[in-house]
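Let me begin by presenting the structure, written as structure tokens, before commenting on it.
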Amino acid sequence: MILSVATGKGGTGKTTFAVNLALSLPEESVEFIDCDVEEPNVPLFNKPEIHRVASVGTPVPRVDESHGIAFVNGVLHIEEPMASPLIRRVKQKLQRGKTVILDAPPGTSRPVIETVKGSDFCVLVTEPTPFGLNDLELAVGMLKKLNTPMGVVVNKADAGDRKVWDYCASQKNPVLMEIPLDRGIAECYSKGVPFVLEKGSYRLRFQEFFETLEKLHGSIRRNPGTE
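Note that the numbering used here numbers the sequence shown so that position 144 is 140, with each residue one more than the last.
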């Protein structure tokens, strides 16, 4: 399965979610690709060992490994060309025999579309705030145009109102996981440590999330057009 993780706005916990999901799945089965080439933050958490570097014009994709997970990211330096060509090149490292997690840039711009395009499913990470809801609506609209099946993860789920859930229900977009506003998660984040490494109960929750996602993906494949 090719799973993209996106968000309508920065700061919702998209990369944090993607990192912890990758670390909760069997190591040998996962390939993690950081497509946020302008702000590639995944290495801050998984601290990969760089085995080789390949040039793509001036942008540079790095093919690494961390915690036994195959990892690819791209770095776009200041004043260098647009992100989309680099994202396309980075995605050429995609290994279809694995569960591929694509960490998309925030927003709904062209680089996000380039990342999500071709995904079997997209998880939208949001938060229960007015800004979170507004940008979730934009992201849902983008994915509908791409005809990409989608579901929602609500981060800091107990920090706001229920409007995000009401919107998801109105759009028939399933809320697949809720992550509470947890001081322990914030402390892990501040140390650059994926929280599933210190809070084992969350690893089980991510595994349950992925099992639900696999069932949903299978249902969509059997019944196209139902998403």
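Even for Gly, the Cβ is constructed at its ideal location relative to N, Cα and C. Keep in mind that this is a model prediction, so the values were computed, not measured.
Nearest neighbour of residue i, chosen from the options [CA to CA]
i: G147; options: A79, G156 and A165; result: A165
i: D154; options: T144, D116, R199 and P176; result: P176
i: D116; options: K159, C31, L209 and G188; result: L209
i: R106; options: D32, E204, F206 and S197; result: D32
i: V136; options: Q167, W161 and D157; result: Q167
i: V160; options: L129, G93 and V108; result: L129
i: R84; options: S197, D30 and G196; result: D30
i: E45; options: L139, M173, V68 and V150; result: V68
i: S186; options: G6, E35 and L40; result: L40
i: G224; options: F28, E34 and E27; result: The chain is shown from -3 up to 223; residue 224 falls before or after that span and cannot be answered.
Helix, strand or coil at residue i [DSSP, three-state]
i: G114; result: coil
i: P55; result: Confidence in P55 is poor, its pLDDT being 47 and thus under 50, which makes the residue's placement unreliable; the coordinate value appears in the next sentence. Looking at P55 - three-state DSSP - the assignment turns out to be coil, as it is neither helix nor strand.
i: T11; result: helix
i: E75; result: Annotation note: pLDDT 49 at E75 (below 50); position unreliable, coordinate value reported separately. E75: coil per DSSP, three-state reduction.
i: T3; result: coil
i: D154; result: coil
i: T122; result: strand
i: T144; result: coil
i: T265; result: As shown, the chain starts at -3 and ends at 223. That puts residue 265 outside it, with no answer to give.
i: A100; result: coil
Contact belief for residue i with residue j at Cβ below 8 Å, rounded distance in angstroms
i: V192; j: T144; result: That pair is no contact at about 26 Å.
i: V38; j: T8; result: Going by Cβ atoms, the distance from V38 to T8 rounds to 15 Å, so no, they are not a contact pair.
i: T3; j: P102; result: 5 Å
i: F13; j: V121; result: 5 Å
i: Q88; j: A66; result: Going by Cβ atoms, the distance from Q88 to A66 rounds to 14 Å, so no, they are not a contact pair.
i: E133; j: Y163; result: 7 Å
i: S25; j: T104; result: No, S25 and T104 are not in contact; Cβ-Cβ is about 30 Å, not under 8 Å.
i: P190; j: L19; result: 5 Å
i: E100; j: V1; result: Looking at the sequence shown, residue 100 is not Glu but Ala. With a Cβ gap of about 6 Å, A100 and V1 count as contacting.
i: V228; j: V119; result: This structure gives no information on residue 228, because the portion of the chain shown stretches from -3 to 223.
Buried/exposed call for residue i, threshold 16 Cβ in 10 Å
i: E123; result: buried
i: E110; result: buried
i: I(-2); result: buried
i: N16; result: buried
i: R217; result: exposed
i: N219; result: exposed
i: A79; result: buried
i: E23; result: exposed
i: V49; result: exposed
Within-7 Å CB hit, residue i to chain C
i: D30; result: Of the chains in the structure shown, none is chain C; there is only one protein chain.
- prompt: Which ranges would you report for the alpha helix (DSSP H) in the region 171 to 206 if only whole runs of at least 4 residues count?
  reply: 179 to 187
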